[in-house]
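Participant:
Chains as they are written, first to last, in this note's numbering: chain A, 421 to 821; chain B, 421 to 821; chain C, 421 to 821.
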């Protein structure tokens, strides 16, 4: 959805939601801000049930669409106060696309996590939720990523929604004939209600969102962003450790190339009294941009070459895979780096009783298989949390808070 | 469905439909024609709710199937007169397969478009129609075409139906082991209620339909037919221009290889006082067979090298992509042809206020991007119309009129 | 589901099923065996509604999950006697995974076939069953097999369930990065309720089942097993011939490489007075292990080079394709073998009136096309039976008997 946050400066926008589940609350009636809607001649209250209707350029049209059932009595409904998420009313927290980890502040993370916890319950209920029944998600994957795709598709289907799949859009689609991403998006948005896109080029998700009149979720764009992974990482830490303020986190392995650890460091900086340890082979050290950012935010960090000592001290050991594909022909360097920091039983033995080991997966041998049996090995629960986060985002983008 | 039109010469056949949505109308009671049903010993009225039941060779069986719920009171229901599509009763208009543009006459086009307009409303309604709930569509694609596949799958799911997908049947399926298309169809028809097939060989769809006991839709068979594209093109012209009789249409670009423009020319010949302009580089001129056909049907046409003059004169400018893949090694010829006729702002400036630009997509640079903002740029609406046409066809083939 | 049969030695386990469809029967109350559940401290009755809850290591947890709606009144429900399948109570017949043909005895085959016959009725009913609504099946295919995949996905969808698809897990998934099968399974089980896996390595299905906390169905693992094909073959013989005891079966074609004929011979040995004829070119004769097995079970068998004489004598002629891919560069041997035993009209002419021809498909020219018209050509009905068998297995694994 191209319109994005800047157009919706109306402070109550975020609370606007579907009438079936929410009661009308008169103080939440809202009129569009001058900035955006005057252009399209709209002077009526805005009603954000169906994000697909909110093309700025078509505002005069959506009032006439049949999809909006109560068009004659256009009203703005909001969450009642007691149901509202725990962030201050008046802040800009509406969610229209999920493009990068940086778009989330502490309040919106907290709100998303609250929804994700509800999703855990929904997922365990039989025979399954139908809250997204009638909604269609298009998974537009320009490079394959079975794990991420299945997670999103499971999330959609667990909520009763339906899916259109392209596993290999790069080869198969009109892109091979030279069609622009923008044209593809304009076509696909006609067939679906939300687009989940994986692309090989950094920035592709932002371009897609700028084009689409429906929500876009970035499922990874090249070396760029993979925001839902960052969200599930933070969510898992909160679920496993019980808090985010005051935690100590070791980031281990390929810190130069791993976009997960970079995004995680970025998000952790939003919390109080966090301390981060970087433990990595010299060739794949954390880059200065993140270090500088942490410093600028007052986050304490240090580099260490002693995994055991760090592990004994931390709440979270976040291990990552050394990415062979980044080493090119320097297989010798790769092999040396790969074997350097392994999480094995010896590391587990020094870890605290309530600490956890995380890993974005896939895992090779940087965590030994015998560790799996340890209850502190949280990486498969972490993968499962990805489902809940994606269910939450789909719910929020399609139905609102 | 192999039985096809010729067997159903009973004049009222086409009006037979599901009892839930239609009222019984005694004059529409019909008995099978001598030609077809005597062979199978059936002397009861025919009831066309479930096309899958209408195997001619199994007519005695379908009365016993559980799927037919009112088997004890076999009756023939029809549309009431005021609900009937706008074609004369007595004409042969039933739809059993969609194989080629030529199978549609003016009346059946009009009837399909009427259903498509209803589908526009259904698609915009929340939470989505369920009229095809319980039906399974198999998309059997022997060559990839993500755009067409997603359009069909979206159509099916918007109506509550389900989909089995094969994106790359040529490589993956038993075809690689030497299985005939006929054998594949006989297997797939056991798993689904309707088959949408894309194939690399001209005539494959007809062979599939001749084998299958369930409806088959041709989603493109090699250089042959792509009838749903032809239907959505004509539907778009009617929706955008408001009429089909008396219109002036410019076909621009690759007229030699483009099956869309060839099918469109064919269908336009069914309307009154149509004038067609051909504007194309010399190497990809419209072939004589279509020209001769138009002449034989009394359709006025002319060739022109002046796109602006033609555009200023037409209701529809139908631009197409020069297909590089047809030029082989003659890249020089391709480049020359590709740049010759571009729809840009200068062309838009001379076009009439109510005229529209169409394009089957994907588009390269034969329409410049700045044209997209012009309300007369109808090609993305055209792509969306493909959804409605396909919804209409699925509904008609599975449930009847 | 890793726990598998050995843990559930409680004799009544198999009868435990969902409370909605079954009445409580006090004598069926069961406590977990000492072997398995004491470890997790569980002393309450076990209730097998949702196989996903039966992680042995998490037994104390599942009592708290929301998915189990009657958690406060934990009880063990069973089939009433009059609804029970026709095998003796007390036998171990519960179904937790489908890994190999050998796991089925005569009683369980009979019980599965009883469910499959019910599925035939369900499949023909409109608008389709919803008994698996809310359940998600992951089709994890490490090598493509469109026919098998579509059959499973159709089975799931005909019962109202949903599907996550990977057609080419080998290339696309994390496997390419070196992830173990076990790690992949641990991730995928978090996204779905049942896994249908096709793999290129013999034994892969067993490894997956040993890891997964949800049911796993083997859809073929390399040269190893393809148990659902074996089940549908036996089911088809029973449906077509009307019995399994006392039948005469000719296995024709590639008996050395065809896993279908090997599994079929194995399963037929469970029935009384079966006689098996092997008719094959010398280079692809049935191997000694199966012959020895049949002899050890008292099953009569003989080899013959006269297809017509055998066919005139049998209830079932099971033809198979000579697998070119097994001959490597010896194309001459392949060609010679391929043409040797063809089922054509001349063979049909000598066959008995009630005998049938089967074939696992795909078929090349080892059965001539003119035979298709003969009512005794049962191979397409056989393919359809695969749907019913898979529907039955999905129902049994997810909901119980």
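Quick reminder that beta carbons are idealized off the backbone N, C-alpha and C, glycines included.
Where residue 556 (chain C) and residue 675 (chain C) are concerned, what is the direct C-alpha to C-alpha distance, given to the nearest angstrom?
Facilitator: Residue 556 (chain C) and residue 675 (chain C): Cα-Cα distance of roughly 37 Å.
Participant: Give the single residue among C:775, C:656, C:639, C:577 whose Cα lies nearest to the Cα of residue 796 (chain C).
Facilitator: Minimum Cα distance to residue 796 (chain C) is reached at C:775.
Participant: Along the chain, where does the beta strand (DSSP E) that runs through residue 697 (chain B) open and close?
Facilitator: Note, residue 697 (chain B): beta strand (DSSP E), 695-699.
Participant: Which of the three DSSP states, helix, strand or coil, is assigned to residue 739 (chain C)?
Facilitator: Note: residue 739 (chain C) maps to strand in three-state DSSP.
Participant: Can residue 654 (chain A) and residue 529 (chain A) be called in contact, C-beta distance under 9 Å?
Facilitator: A contact, by the Cβ cut-off of 9 Å.
Participant: For residue 723 (chain B), which residues from the same chain have a beta carbon less than 6 Å from its beta carbon, with the 5 sequence-adjacent residues on both sides left out?
Facilitator: Excluding sequence neighbours, residue 723 (chain B) sits near 698.
Participant: Against chain A, which members of the region 593-607 of chain C pass a CB distance test of less than 7 Å?
Facilitator: Answer set for the region 593-607 of chain C: 593, 594, 597, 598, 599, 603, 606, 607.
Participant: Could you tell me whether the Cβ atoms of residue 714 (chain A) and residue 685 (chain A) are closer together than 9 Å?
Facilitator: It is a contact, given that the beta carbons lie within the stated cut-off.
Participant: Closer than 8 Å is the cut-off here; do at least three beta carbon pairs connect the region 511-525 of chain B with the region 618-632 of chain B?
Facilitator: Result yes; three or more Cβ-Cβ pairs closer than 8 Å.
Participant: Taking C-beta pairs closer than 8 Å, name the residues in chain A that residue 740 (chain C) reaches, listed in chain order.
Facilitator: Those within 8 Å of residue 740 (chain C) in chain A number zero; the least Cβ separation is about 33 Å.
Participant: Scan the region 565-584 of chain C for residues whose Cβ lies nearer than 9 Å to a Cβ of chain B and list them as they occur along the chain.
Facilitator: So the list reads 565, 566, 567, 569, 570, 571, 573, 574, 575, 577, 578, 580, 582, 583, given in the order they occur along the chain.
Participant: With distances taken between CB atoms, is the gap from residue 584 (chain C) to residue 612 (chain C) smaller than 9 Å?
Facilitator: For residue 584 (chain C) and residue 612 (chain C), yes; Cβs fall inside 9 Å.
Participant: To the nearest angstrom, how far is the alpha carbon of residue 810 (chain B) from that of residue 652 (chain B)?
Facilitator: Residue 810 (chain B) and residue 652 (chain B): Cα-Cα distance of roughly 9 Å.
Participant: Contact defined as beta carbons within less than 8 Å: I believe residue 791 (chain B) pairs with residue 770 (chain B). What is the distance between those atoms, to the nearest angstrom?
Facilitator: The pair is not a contact, with the Cβ atoms about 13 Å apart (cut-off 8 Å).
Participant: Does residue 800 (chain C) come within less than 9 Å of chain B when only Cβ atoms are used?
Facilitator: Output row for residue 800 (chain C): interface = yes.
Participant: For the alpha helix (DSSP H) containing residue 596 (chain A), name the first residue and the last one.
Facilitator: No alpha helix (DSSP H) contains residue 596 (chain A), which DSSP labels as neither H nor E.
Participant: For the alpha helix (DSSP H) containing residue 542 (chain B), list its first residue and its last residue.
Facilitator: Taken as a continuous stretch (DSSP letters only), the alpha helix (DSSP H) holding residue 542 (chain B) covers 526-544.
Participant: Within a Cβ cutoff of 8 Å, which residues of the same chain sit near residue 815 (chain A), ignoring the five residues on either side of it in sequence?
Facilitator: So the qualifying residues of the chain are 535, 539, 551, 552, 579.
Participant: Quick check for students: name the residue ranges of the alpha helix (DSSP H) that lie wholly in the region 597-630 of chain B, counting only runs of 4 or more.
Facilitator: DSSP runs (the alpha helix (DSSP H)) wholly in the region 597-630 of chain B: 601-608.
Participant: On the CB-based measure, 16 or more other CB atoms within 10 Å of its CB, does residue 668 (chain B) come out buried or exposed?
Facilitator: Flag for residue 668 (chain B) reads buried.
Participant: Check each candidate in B:644, B:662, B:661, B:660 and name the one with the smallest Cα separation from residue 681 (chain B).
Facilitator: Ranking the options by Cα distance to residue 681 (chain B), first place goes to B:644.
Participant: Assign residue 822 (chain C) to one of two classes, buried (16 or more other C-beta atoms within 10 Å of its C-beta) or exposed (fewer than that).
Facilitator: Residue 822 (chain C) cannot be examined here, being either before or after the span of chain C that is shown, 421 to 821.
Participant: Using a Cβ-Cβ distance under 9 Å, would residue 562 (chain A) count as near chain C?
Facilitator: No, because no Cβ of chain C sits closer than 9 Å to the Cβ of residue 562 (chain A).
Participant: How close, in whole Å, do the beta carbons of residue 803 (chain B) and residue 819 (chain B) come, if the pair is a contact with beta carbons under 8 Å?
Facilitator: Actually they do not touch by this definition, with Cβ atoms about 25 Å apart.
Participant: Could you have a look at residue 800 (chain C) and say whether DSSP puts it in helix, strand or coil?
Facilitator: Looking at residue 800 (chain C) - three-state DSSP - the assignment turns out to be helix.
Participant: Check the Cβ-Cβ distances between residue 545 (chain C) and every residue of chain A, and say whether any is below 9 Å.
Facilitator: Taking Cβ atoms only, chain A never reaches closer than 9 Å to residue 545 (chain C), which makes this a no.
Participant: Would you grab the beta carbon distance between residue 619 (chain C) and residue 598 (chain C) for me? Rounded to a whole angstrom, and I think it's under 8 Å.
Facilitator: No, residue 619 (chain C) and residue 598 (chain C) are not in contact; Cβ-Cβ is about 16 Å, not under 8 Å.
Participant: Which residue spans inside the region 637-675 of chain C form an unbroken alpha helix (DSSP H) run of at least 4?
Facilitator: As far as the region 637-675 of chain C is concerned, its whole alpha helix (DSSP H) runs of at least 4 residues are 647-661.
Participant: Can you pull out the residues from the region 774-801 of chain A whose beta carbon lies closer than 7 Å to at least one beta carbon of chain C?
Facilitator: Within the region 774-801 of chain A, the residues whose Cβ lies closer than 7 Å to some Cβ of chain C are 781, 782, 783, 784, 800, listed in chain order.
Participant: Would you mind stating whether residue 635 (chain C) and residue 521 (chain C) have Cβ atoms separated by less than 9 Å?
Facilitator: Their beta carbons are not under 9 Å apart, which means residue 635 (chain C) does not touch residue 521 (chain C) by this criterion.
Participant: Quick one: Cα of residue 575 (chain C) to Cα of residue 616 (chain C), how far?
Facilitator: Roughly 12 Å separates the two Cα atoms.
Participant: Since I believe residue 719 (chain B) is in contact with residue 689 (chain B) (beta carbons under 8 Å), could you give me their beta-carbon distance rounded to a whole number of angstroms?
Facilitator: Sure, about 5 Å apart at Cβ, within 8 Å.
Participant: If we call anything under 9 Å between Cβ atoms a contact, is residue 727 (chain C) one with residue 672 (chain C)?
Facilitator: Contact flag set, yes.
Participant: Rounded to the nearest angstrom, how far is the Cβ of residue 794 (chain C) from that of residue 762 (chain C), given a contact under 8 Å?
Facilitator: Actually they are not in contact, since the Cβ atoms of residue 794 (chain C) and residue 762 (chain C) sit about 14 Å apart, beyond 8 Å.
Participant: In this structure, what does DSSP give as the bridge partners for residue 827 (chain B)?
Facilitator: There is no way to answer for residue 827 (chain B), as the model of chain B reaches only from 421 to 821.
Participant: Taking DSSP as the reference, what is the three-state secondary structure of residue 747 (chain C)?
Facilitator: Coil, per DSSP.
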